[in-house]
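For reference, each letter of the sequence shown is one residue, going 1 to 142 in the working numbering.
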Amino acid sequence: MSVVVARAVRKWVRNTSRGKDNYQEGIAETNVNPMELAAANYTKMKSKLMEFLESNKWPEIMRSIPVAVWKDLATKLGPDRFARGVETKAFKVQTFWTKWGPLLESHRSAVLSVSPDTWEGRKERMIRNVEGLKNLKGKWRS
């Protein structure tokens, strides 16, 4: 690696890694909901994403990354970020189960109310289970 390239890389790493404070300040100073802005920009985002996917560049990019590079990055970046992400987003799982749990329990009770003593009963249980779960899909969000 040339001296110029090595210096540029060192400088980028040094300067970028110090950006944590700026990043956190930017979040604290945000007064509009970025999720609302993202939702308002949906059509443009979808258009740009489809344009990129249809260009077939994504498979080329993925194929250009050797497994050794992926393993190195996943090992160095993944575990800590994964654990922190799980801990930070536990509220989402709590929200899901608070809403989904009662729906699932009601469904389960309805399925178990059918006797499994006969072939017809077992078949009815299976059908109620599949149809009930299908009908419940996404209901926890409302």
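Note that the Cβ used here is the ideal one computed from N, Cα and C, for glycine as well.
Next on the checklist: What would DSSP say about V130, mapped onto helix, strand or coil?
Outcome noted: Here residue 130 corresponds to residue number 130 of the sequence shown, with the count starting at 1. Looking at V130 - three-state DSSP - the assignment turns out to be helix.
Checklist entry - Going by alpha carbons, who is nearest to T98 out of V5, E36, K139, E131? => result Locating residue 98 in the sequence shown gives position 98, counting from the first residue. Nearest option by C-alpha distance: K139.
Checklist entry - So what does DSSP say about D80, is it helix, strand or coil? => result Numbered from its first residue, the sequence shown carries residue 80 at position 80. Residue state, collapsed to three classes: helix.
Checklist entry - Exposed or buried, which one is V3 when buried takes at least 16 other CB atoms within 10 Å? => result Translated into positions along the sequence shown, residue 3 becomes position 3. It counts as exposed.
Checklist entry - Per DSSP, what kind of secondary structure is N33 in: helix, strand or coil? => result In the sequence shown, counting from the first residue as 1, residue 33 sits at position 33. Of the three classes helix, strand and coil, the one that applies to N33 here is coil, per DSSP.
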